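S.K.:
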Amino acid sequence: MFKQTHLANSVRLGLMFCVTAAPLSFAASISQNSNVEEIEKIEVTGSRIKRTELEGPSPIVILTADDISDKGFSNMYEAIQNLTAGTGTNQGQGYTNTFTPNAETVNLRGLGANRTLVLLNGQRVANYPRAYNSENNVFNLSTIPTSAVARIEILTGGNSAIYGSDAVAGVMNIITKKGIEETTVTLHHNTSDAGGGDNRKLTLTGGFSSENFSWSYAVDYSDQDMLLGSERDWLDDFNDGPATDTQPEYYRVNSRSIMAGGWEGGFVYLHPDEFGDNLCDQYPDFELSERPSRGFYCGRDTTGDASYINERENISVYSNFQWDFAEQHQLTADVLYWTSDAAQRGGYGASWRTDTMTSGYHDGGGFVWDAENERYLFLQRTFSKEEVGDNKSYFEDDMLYVSLGLNGTIFDDYDYQVTLSHSATDNREHELLIASDKAREYFLGTPVGVEAGEPGMEYIPNYDRFWSPLDEAGRAAIVEKNDSTADASVTTLNGFISGALYELPAGELGFSVALEYSSEDYEINVDPRTLNENTGWGNGLTGTEGGGERDRYGIALEFEVPITEQVIANIAGRYDYYNDETDVDGAFTYQLGLQYRPTEDLLLRTSYGTTFRAPDIHQINSGPSGSYLGITDYYLETKCLQLSQGLDTGFNAVDQAALQVQCNPELPGELKEGQRVKVTQTGNTKLHEETGYSASVGFSWDVMDNLNWTFDLYKVKIKDQVESWNSDNYFRKERDCREGINTQGVDCEFILSRSTRFDGSMPNSGLTVESWNSTYVNQALNEQTGFDMQLDYLYDAGNWGEFSAEIKYTHVLEMVNQEFAGEEIDDDYRDDYLNSALRSKVDSTFAWAKDDLRITLTQMRYGSSWNWEDPDPTRNTNDERRALAGRLAPWLIYNLGVNYDITDAHSVRLGVNNLRDSRPRNDKSFDGTDPWFDRSVYPTMIGVMGRTFSFDYIGKF
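As numbered in mature numbering (1 follows the signal peptide of the UniProt record, and there is no 0), residues -27 to -1, 1 to 930 make up the sequence shown, in order.
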């Protein structure tokens, strides 16, 4: 028997009161009696074979319910986002105007939110029903209430040989509370120093048990206020940005609330006075505004209109049953129901522009012909809450998880588990928007001259309607409710048997055999208007639809082989078969591990395992989906450079004139305006599986009493990674094909068939990209090398109390990237501007405890990241802007918590998060929009909330 490590001791308190009977995470309580010779075996995520030690061949991170509370986190997402292995970008509720604005995810190793397998008590759970970034199926962490969580086990490495597909970057197993006998009430309130975004929570946990039966429950209610940018004095004015003195003047102007544009050798604004006197004064928030070089319009500063924290009300109910119906046999059941009502403000509100009309109804670039004034016309209009009725988007989410399990021991020596589980999620979203076709009729009238939809249409606009506030009749004429729904489910039946086959000279030969069947389905239905080009929405809103189902079968075999008393080998293999329309079919993965304990205090370990991941079900079954994307038009930039150098562009007179309109005369080789194109995307049934491997080597060392040090070097490699076709890669190829360069091995006919460009005769938009038809593709290579380190120290100072420290550190040493086979391999991708992932992350916790008082200080360090300016001269030809490029300094966040036990049954906690009221890093390169920092890198809620104060009361009855 080997001595328990400090890490195992840190988990012991979380295990003493409960017996977790989940199929892949069975953890029997560890005896506290030091005189007992035999330590009962436990099962830890990453293996189905029970062992006496928590540490094994693969590193694992344990996050207990107390850890979540002590660090000041109020929900699962905040706790998981703080993991040092979570170096990748994320989208949470701080991201508005996205496809999943109410979902919160985990992104281990920066390999993608869809490459971490999330389990609930060892069982797969239904993903969020909508497609993350319109592409991936991901798990929504918001669905798990913290009151039901006993601990979270995170395996930071591939584990396909045990769990099958998706376990590429890691496995996160959420273990719920069981065996609760006392009733606990928790009250929580959180508010910010600057006001807004308050959160209130009430939880109730309890249960009872008898000789052979136990029942536990947890009820969680939370209510969160919306936080708008206008509630922060550094997010309520366009002059608040850090780049105010370096931005072009035309950036620092009011948004175009009501604008009429024309074409006079270029795009210009028509002065509102041309249409009437003091028209902007009809609106309390609008003022006559000017954009240099363009002209006048009615505008307002919309900085601060968007929400950064959703208005949200959550209710969850969790229950667990355990019945020992016979000796060594137990029946278990879990039920979790979660419901959420949320709202956000995207900042733009309801709007309408002529470029959102069906292409047949305008002449390109959104221009229409004003027959009365004989000129080209572009109209843009936003609508206030008073005009439309409401300016929020609403989300209703439900999740149900049920499982029924049978576990126990057969033939005296073999443990078994059989579990049937079902999980379903449902989402409904709605908002008030402007119907594009109805607004066209309302503001422009019926086309004259030719039939509607035919080339050469002309209009006689109703300018009185366009410039006047929308009345009740106007609202009824053009405002509609945008409704969409989505649902997903997964049903899993699995079972395993494990134990000792026979005794070897060095110990027992452990084994496990597992069988699994899983069926998943999903369906996304957007409003019929959203993807209908003949109707559409006035703000150009697009969406993604899709639906499908597939079955999966798996069989796994695992061995633990004691070679000597100090050396143990772990061997696992699994075969998965997919029944769907792709080219995946089946895949075999294996895993090898080795543990060597030269002394009781030191564990040396290494593991290597192949990984496999089937394409997301949405990547296969996605229907025609739409989005808008900012691109770099390499073809037109090449033509602009030729124009500036006096070279022959090969264009006719019409196209040459259009090119002169597009090119920036002051910056050779650049366009005057950035391009934003409409992208359509469909699923790809020809996708095949991603493959790769995950390897690690390291140690866990009890350096001395109460000091433990773990260190693991890791490497992860993914081949044939499935992603949306990279736009930069495509438009470089499109340029090469049009220019006849670098075309060897490139199917130019296929490349050029995927996009369309406006005719050179089109005003303003001539020669620019009109649309791009993208899809999902198997890309080439993604490889990462780094290390994870953790130090745990406990010092007993006698009458002075106990001091403890825990430091977790992840550092990415190297990243290798290759977009497609045959292309250049980027060995320095870790430091490339195109890589948004962090290079390092540190989580340090220091605590002091004496008697009934405990004080905890947590420091979270987000490593350096790129600012907004690209240093590559081939991608950024503006020398002045490129000089601003650089990496931002690390960002440090401090949380302070004070716990006081009033009595054995009653305690309180006072917390201060973001103690220094620090903001995410930025600099003068950030010439974009609020909140003036990269929300995909830094936690938006912490950054915008600033310093917050919390109070918790915990009462046990």
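A virtual CB, placed ideally from N, CA and C, is assigned to each residue, including glycine.
Since the model is a prediction, treat every value here as computed from it, not as a measurement.
For a cutoff of 7 Å on Cβ pairs, would you count D363 as touching chain B?
M.R.: Protein chains in the displayed structure number just one, and chain B is not present.
S.K.: Going straight from the alpha carbon of D769 to that of W296, what length do you get?
M.R.: 41 Å
S.K.: Which full runs of the alpha helix (DSSP H) of 4+ residues lie inside the region 624 to 658, going along the chain?
M.R.: 626 to 635
S.K.: Using only the alpha-carbon positions, how far apart do S492 and V540 sit?
M.R.: 40 Å
S.K.: Count the other CB atoms, across all protein chains shown, that sit within 10 Å of the CB of I53; report buried if there are 16 or more and exposed otherwise.
M.R.: Here I53 is buried, its C-beta having at least 16 other C-beta atoms within 10 Å.
S.K.: Taking 8 Å as the threshold, find out whether the region 308 to 321 comes into contact with the region 341 to 351 through three or more Cβ pairs.
M.R.: no
S.K.: Considering only the alpha carbon of each residue, which of S485, R354 and Y367 lies closest to R438?
M.R.: R354
S.K.: Excluding five sequence neighbours on each side, which residues of the same chain lie with their C-beta closer than 6 Å to the C-beta of D328?
M.R.: G339
S.K.: Leaving out five residues on either side along the sequence, give the residues of the same chain with a beta carbon under 6 Å from the beta carbon of T508.
M.R.: Apart from the 5 residues on each side of it in sequence, T508 sits with its Cβ closer than 6 Å to the Cβ of D410 and R502 in its chain, given in chain order.
S.K.: Using the rule of at least 16 other Cβ atoms within 10 Å of the residue's Cβ for burial, across every protein chain shown, is R649 buried or exposed?
M.R.: exposed
S.K.: What ranges does the beta strand (DSSP E) occupy inside the region 444 to 505, keeping only unbroken runs of at least 3 residues that lie completely in it?
M.R.: 452 to 477 and 480 to 498
S.K.: For D701, which option in I604, D628, D678 and N751 has the closest C-alpha, if you only look at C-alpha atoms?
M.R.: I604
S.K.: For Y50 versus E77, is the C-beta spacing smaller than 7 Å?
M.R.: yes
S.K.: Between the beta-carbon of G180 and the beta-carbon of E204, is there less than 7 Å?
M.R.: no
S.K.: Given this structure, state the Cα-to-Cα distance separating E531 from S485, to the nearest angstrom.
M.R.: 5 Å
S.K.: Got a sec, what are the start and stop residues for the beta strand (DSSP E) D246 sits in?
M.R.: For D246, there is no enclosing beta strand (DSSP E), as DSSP gives it neither H nor E.
S.K.: So, at 7 Å on beta carbons, what are the nonlocal neighbours of G919 in its own chain, with the 5 sequence-adjacent residues on each side left out?
M.R.: Result list for G919: S165, D166, A167, N887 and D890, in chain order.
S.K.: For the putative contact between G422 and E431, defined by C-beta atoms under 8 Å, what is the C-beta separation to the nearest angstrom?
M.R.: 4 Å
S.K.: Leaving out five residues on either side along the sequence, give the residues of the same chain with a beta carbon under 6 Å from the beta carbon of Q791.
M.R.: A753, L754 and I798
S.K.: How big is the Cα-Cα spacing for N681 and L767?
M.R.: 9 Å
S.K.: Are Y367 and S396 touching if we call contact CB-CB under 7 Å?
M.R.: The Cβ atoms of Y367 and S396 lie no closer than 7 Å to each other.
S.K.: Decide if Y666 is buried, meaning its Cβ has at least 16 other Cβ atoms within 10 Å, or exposed.
M.R.: buried
S.K.: Counting pairs of beta carbons, one from the region 224 to 237 and one from the region 258 to 272, are three or more of them closer than 8 Å?
M.R.: Yes, the region 224 to 237 is in contact with the region 258 to 272.
S.K.: Buried or exposed, going by whether 16 or more other CB atoms sit within 10 Å of the CB of L865?
M.R.: L865 comes out exposed.
S.K.: Measure from the alpha carbon of S332 to the alpha carbon of each residue in V98, M735, A58 and I148, then state which is nearest.
M.R.: Taking each of V98, M735, A58 and I148 in turn and checking the Cα distance to S332, the smallest one comes out for M735.
S.K.: In whole angstroms, give me the CA-to-CA distance for D444 and D254.
M.R.: 16 Å
S.K.: So which of R401, G152, L406 and F259 has the shortest CA-CA distance to N293?
M.R.: Per the Cα distances, G152.
S.K.: Since I believe T664 is in contact with F585 (beta carbons under 8 Å), could you give me their beta-carbon distance rounded to a whole number of angstroms?
M.R.: 6 Å
S.K.: Look at the alpha carbon of I528 and the alpha carbon of G472, and state the distance between them as a whole number of angstroms.
M.R.: 17 Å
S.K.: Looking at the strands, I want to know which residues DSSP matches up with S744.
M.R.: K651 and T729
S.K.: Under the DSSP definition of a beta bridge, which residues are partnered with A405?
M.R.: As written in the sequence, residue 405 is Leu, which differs from the Ala given in the question. Partner(s): K454.
S.K.: May I ask which residues mark the beginning and end of the alpha helix (DSSP H) holding C613?
M.R.: Y607 to S617
S.K.: Give, in chain order, every unbroken run of the beta strand (DSSP E) that is at least 3 residues long and sits entirely within the region 805 to 834.
M.R.: 813 to 823
S.K.: Mind checking which residues open and close the beta strand (DSSP E) that includes M430?
M.R.: Per DSSP, M430 belongs to no beta strand (DSSP E) and is neither H nor E.
S.K.: Out of E775, R848 and T683, point me to the one whose CA is closest to V823's CA.
M.R.: Inspection of the sequence shows that residue 823 is occupied by Lys rather than by Val. When each option's Cα is compared against that of K823, the closest is E775.
S.K.: Excluding the five sequence neighbours on either side, which residues of its own chain have a C-beta within less than 6 Å of the C-beta of H162, listed in chain order?
M.R.: R173 and F924
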